[in-house]
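Before any comments, here is the structure.
2 protein chains.
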Amino acid sequence: MVGVIASCGLLLHSLLAGLGRRAAGFARKVGEIAREDPRRVVHSLKVGLALALVSVVYFVTPLFNSLGDSTMWAVLTVVVVMEYTVGATLSKGLNRGFATLVAACIAVGAHKLAELAERFGVGEAISLAVFVFFIASAATFLRFIPEIKAKYDYGVTIFILTFSLVAVSSYRVEELIKLAHDRFYTIIVGVLICLLTTVFVFPVWAGEGVHKLAFGNLDKLAQFFEGMESECFGENTGTDNLEGKDFLEEYKSVLNSKATEDALCTFAKWEPRHGKFRFRHPWSQYQKLGTLCRQCASSMEALASYVITTTKTQYPAAASPDLSSKVRKTCGEMSSHCAKVLRQLATATETMTVPPPANLLTVSAAMKAAECLRSELAENAAILQVMHVAVTASLLADLVAQVKEIAECVDVLARHAHFKKPKDARRDVAVDILSRGRSGPLPDVVIQCAE
Amino acid sequence: MVGVIASCGLLLHSLLAGLGRRAAGFARKVGEIAREDPRRVVHSLKVGLALALVSVVYFVTPLFNSLGDSTMWAVLTVVVVMEYTVGATLSKGLNRGFATLVAACIAVGAHKLAELAERFGVGEAISLAVFVFFIASAATFLRFIPEIKAKYDYGVTIFILTFSLVAVSSYRVEELIKLAHDRFYTIIVGVLICLLTTVFVFPVWAGEGVHKLAFGNLDKLAQFFEGMESECFGENTGTDNLEGKDFLEEYKSVLNSKATEDALCTFAKWEPRHGKFRFRHPWSQYQKLGTLCRQCASSMEALASYVITTTKTQYPAAASPDLSSKVRKTCGEMSSHCAKVLRQLATATETMTVPPPANLLTVSAAMKAAECLRSELAENAAILQVMHVAVTASLLADLVAQVKEIAECVDVLARHAHFKKPKDARRDVAVDILSRGRSGPLPDVVIQCAE
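Residue numbers (the numbering used here), protein chains in the order written: chain W, 55 to 505; chain V, 55 to 505.
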């Protein structure tokens, strides 16, 4: 008996300790997220503030009496319209206001038509249901059009919502116009509270986010070139293992920046003039720059994977040390030129100053160095030829290694997802012809086994 | 006078013609989008159907009487919960139902606390506003935690919404419990109508989308290798311009598949067993496969850009035709092996059969071919050395060209966004030392000009 109580006590104790550890871990995580970007805490408090403000509208009796039950719609509007950036809030607020207005008008029209139809013997409920069906279907289809999806997706949803609500209510509500008016008015109150809070209390601008992302990306690309110069083309380098070095990791975040960038750009287009940004700031040019940066990062990935592979392999001493050191020097130059250009572009973008004209000159210096290298190698035709096939072969070999990884991944998938065995009873028996040392294409040898 | 009328007529005519052209263009676009994926039309009709069904709940009197005004919440639920895929609808529906329940309970608790506080002299309205402020702030902050954002973002929003609505209404509504109960009940009705329509009327499964994306990606990668084999390493190839060829375009869509894949996987995890997919299908393994495919596509980009550049350049006749043709043959082999492996993996994934064991053998054949090539080149130490520097230099030269494009892009941005001129009065004067033919590093020469 005592034993049972003791073991229960132990169990309880370990359970509580486990819970405590979990809670501590969660608290640490929350702290990290807050410290990473304190604007998140501010945003959370802003949402609380906006909701507290809107509840005041409800609590203060004269305001409540004039609007009635519709006040609830202000609360609803604040919750769904309030977003992290000014642009997102503006876009949602304007979409919501405008869509509600249009939808309410059309719904009142539908109500009148339904009343008219009743005179011809069609029940009002039936014609209302038919209207709802067709208009909701058509509006839903509009959401599949990319241009509408990008800017007005939320507006169309609200259009469907308001139209259905008003059209359906019209069946029972007497004062339809008053209802539509009250609802529109409360939504405007909600949107205004949201806008005031986002714009005037520590605003977070989507445009600034786009801007920061742009020069951050340029900076990360510059870091790669600087790393390449010091770690790969320096005087006494080439022997360390490069895997896991910072400069070979930083550029990777550029590769996945598309989704964030697109979202921020969409919202930035809704924002009014603020700080250094005019109303018609060329946001789409930032998107073009982002695309180029991502292409560059993708080429960096190829170079990085090649460099990492080769530093792991032992190479024989240079047979032509002259040429080799010359090429290494030129590569170092190209890297340092590129790093410099990118750093300057990053600074120019950050401070919004015109990049110095010397910049384009540095680029041409790098281009020229590349050209010189090529022509130097071209003096020896055999080398050039070899170089061409060698580059292709090396890149292809890299791809082969990746295909191997893909094949292994699909194998794991086949196991976990319980892929079925091939239907026919033959078993593919792998015959290792390779061990004979042939390098020709591998014939598909399938030996049928009687089981 | 006649002239004015005539020109007005012309203007009207051209305006109408312009409108007609626009309308025709829009209609053509709508037709294209519908033909591209007819499931979109079906989805639109399903949304219409669900809304028509829910309006029936409102029109039928006995149902209406028992639920009262809350019926509107069913309409609202249908509009916001109904999504394209079953998984998305399920995820939103369950999030909504569960969050409403929890929030309503907490709100009732908050109401009781506020009543209690009133006895101690704190106004009910004040304590309710304080509750709303703190709970809404805390819940909003939760949305920044990545794990919660990924799966429960909608649920937390609805929690904030319901909590605020119920807590604020509790100030005036007498029968709070009845209100909360009615609202919860109507939301369940809305969610059920959505689920019935999405699951039983031509369901669109997110899991199927993930699956299709996976084998589609593998297929596109295979296409690249097939193209490489026939267009670059074939017997009589190498002279055409490769730009714009299909196989050099297809793989690019793989690069941008991450966002779609992530969204579909999130929803797929909510879906019940359907067709070939069990309940705990390893969806995250598909994401791993997707990452590998994108890495492979990114390496393909490097190879493609190299191949396109070199086919534009005239090369001298092969100095060592033997080696050159040997390398080309091996490259062809590697490509065909890889293409074969990927096609088989694509088929295996599509049909959900275990990939044949011969597959891994084909991969090792390709790996072996790459190894052979390397050792063959290594017999000539000078060539190997040159190859190493040549590959690095060539990849780097590619990067230089991309940096140039980035610099040009920033220049355009600087013009469009009216970047300011640098502050100091010195003008950077570009001095073209390059024309002297030096290939050393470019010194930063800045000549100060008195203006």
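Here a beta-carbon is modelled for each residue, glycine too, at the ideal position from N, C-alpha and C.
Strand pairing of residue i, partner residues [DSSP]
i	result
V/Thr407	W/Lys474
V/Phe331	V/His328
Contact list for residue i against chain W, beta-carbon separation under 7 angstroms
i	result
V/Asp465	Pro409
V/Val454	Met388, Cys392, Ala420, Met421, Ala424
V/Pro336	Leu467, His470, Ala471
V/Val133	Thr211, Ile214, Leu215, Ser218
V/Ala81	Result: empty, since nearest Cβ-Cβ is about 12 angstroms, beyond 7 angstroms.
V/Leu414	Ala461
Anticipated Cβ contact below 8 angstroms, residue i with residue j, distance rounded
i	j	result
V/Ala104	V/Ile212	Not really, about 19 angstroms apart at Cβ, beyond 8 angstroms.
V/Leu396	V/Phe254	With a Cβ gap of about 37 angstroms, V/Leu396 and V/Phe254 do not count as contacting.
V/Leu12	W/Met136	Because chain V is modelled from 55 through 505, residue 12 of chain V falls outside the range shown and cannot be assessed.
V/Val35	V/Gly147	The displayed coordinates of chain V run from 55 to 505. Any statement about residue 35 of chain V would go beyond what the structure contains.
W/Ser353	V/Gln456	6 angstroms
W/Val133	V/Ser218	6 angstroms
V/Thr251	V/Lys100	5 angstroms
W/Pro409	W/Ala402	4 angstroms
W/Thr407	W/Ala260	That belief does not hold up - the Cβ atoms of W/Thr407 and W/Ala260 are roughly 23 angstroms apart, past 8 angstroms.
W/Leu182	V/Ser109	7 angstroms
V/Leu346	W/Cys392	Their Cβ separation, rounded to whole angstroms, is 29 angstroms, which puts V/Leu346 and W/Cys392 out of contact at 8 angstroms.
V/Val417	W/Ala81	The pair is not a contact, with the Cβ atoms about 48 angstroms apart (cut-off 8 angstroms).
V/Leu302	V/Gly281	7 angstroms
W/Tyr98	V/Ser359	Here residue 98 of chain W turns out to be Ser, not Tyr, going by the sequence shown. About 45 angstroms; that fails the 8 angstroms criterion.
Contacts of residue i in chain V (Cβ-Cβ under 8 angstroms)
i	result
W/Tyr360	Val445, Thr446, Leu449
W/Val220	Result: empty, since nearest Cβ-Cβ is about 10 angstroms, beyond 8 angstroms.
W/Glu355	Gln349, Ser352, Ser353, Ala356
W/Leu105	Val186, Phe187, Ala190, Ile214, Ser218
W/Pro476	Thr407, Val408, Pro410
W/Leu302	Those do not exist, as W/Leu302 stays about 14 angstroms from chain V at its closest Cβ, beyond 8 angstroms.
W/Gln527	This structure gives no information on residue 527 of chain W, because the portion of chain W shown stretches from 55 to 505.
Contact set between residue i and chain W, taken where Cβ atoms lie within less than 8 angstroms
i	result
V/Arg94	Phe195, Phe198
V/Gly85	Within chain W, no residue comes near V/Gly85; the closest Cβ sits about 11 angstroms away, beyond 8 angstroms.
V/Cys347	Ile460
V/Ala402	Val464, Ala468, Phe473
V/Phe182	First, the amino acid is wrong: residue 182 of chain V is Leu here, not Phe. Correct list: Ser109, Phe113.
V/Gly72	Near V/Gly72 there are no residues of chain W at all, since even the closest Cβ is about 19 angstroms away, more than 8 angstroms.
V/Ala77	None at all; the shortest Cβ gap to chain W is about 14 angstroms.
V/Val101	Ala190, Ser191, Thr194, Ile214
V/Leu343	Ile460, Cys463, Val464, Leu467
V/Ser429	Going along chain W, no residue has its Cβ under 8 angstroms from V/Ser429, so there is no contact; the nearest lies around 10 angstroms.
Partner residues on chain W for residue i, Cβ-Cβ distance less than 9 angstroms
i	result
V/Tyr305	Under the 9 angstroms cutoff, chain W gives no residues; its nearest Cβ is about 11 angstroms from V/Tyr305.
V/Lys274	Per Cβ cutoff of 9 angstroms: no residues; V/Lys274 is ~12 angstroms from chain W at best.
V/His67	Correct list: empty, because the minimum Cβ distance to chain W is about 28 angstroms.
V/Leu130	Leu130, Leu215, Ser218, Leu219
V/Gly270	Result: empty, since nearest Cβ-Cβ is about 14 angstroms, beyond 9 angstroms.
V/Leu296	Per Cβ cutoff of 9 angstroms: no residues; V/Leu296 is ~13 angstroms from chain W at best.
V/Ser98	Ala190, Ser191, Ala192, Ala193, Thr194, Phe195, Leu196, Arg197, Phe198
Chain-ordered neighbours of residue i on chain V, where CB pairs are closer than 9 angstroms
i	result
W/Ser224	Correct list: empty, because the minimum Cβ distance to chain V is about 11 angstroms.
W/Lys299	Those within 9 angstroms of W/Lys299 in chain V number zero; the least Cβ separation is about 16 angstroms.
Output, in sequence order along the chain, the residues in the segment 384-398 of chain V whose CB is closer than 8 angstroms to any CB in chain W. Listed by position along the chain: Thr384, Cys385, Glu387, Met388, Ser389, Ser390, His391, Cys392, Val395, Leu396.
Quick one, which residues of the segment 201-212 of chain V are near chain W if we go by CB-CB under 7 angstroms, in chain order? Correct list: Thr211.
With a floor of 4 residues, list each alpha helix (DSSP H) that falls wholly inside the segment 245-321 of chain V, ordered by position along the chain. List check, alpha helix (DSSP H) in window: 260-286, 306-309.
Contact residues within the segment 150-179 of chain V, judged by C-beta distance below 8 angstroms to chain W: Residues of the segment 150-179 of chain V with a Cβ closer than 8 angstroms to any Cβ of chain W, in chain order: Ala179.
Name the residues in the segment 229-244 of chain W whose C-beta lies less than 9 angstroms from a C-beta of chain V; which are they? Under the 9 angstroms Cβ criterion, the segment 229-244 of chain W contributes no residue.
Within 8 angstroms of chain V by C-beta, residues of the segment 315-330 of chain W in sequence order: Answer set for the segment 315-330 of chain W: empty.
Residues of the segment 243-266 of chain V with a CB closer than 8 angstroms to any CB of chain W: list them in chain order, please. Listed by position, the residues of the segment 243-266 of chain V near chain W (Cβ gap below 8 angstroms) amount to none.
Run through the segment 83-146 of chain W for me and flag every whole alpha helix (DSSP H) of 4 or more residues, listed as ranges in chain order. Runs of the alpha helix (DSSP H) lying entirely within the segment 83-146 of chain W, each at least 4 residues long, are 93-113, 115-121, 126-135 in chain order.
Can you give, in chain order, each stretch of the alpha helix (DSSP H) that sits fully within the segment 172-243 of chain W and has at least 4 residues? Restricted to the segment 172-243 of chain W, the alpha helix (DSSP H) segments that are unbroken, complete and at least 4 residues in length are 178-196, 200-223, listed in chain order.
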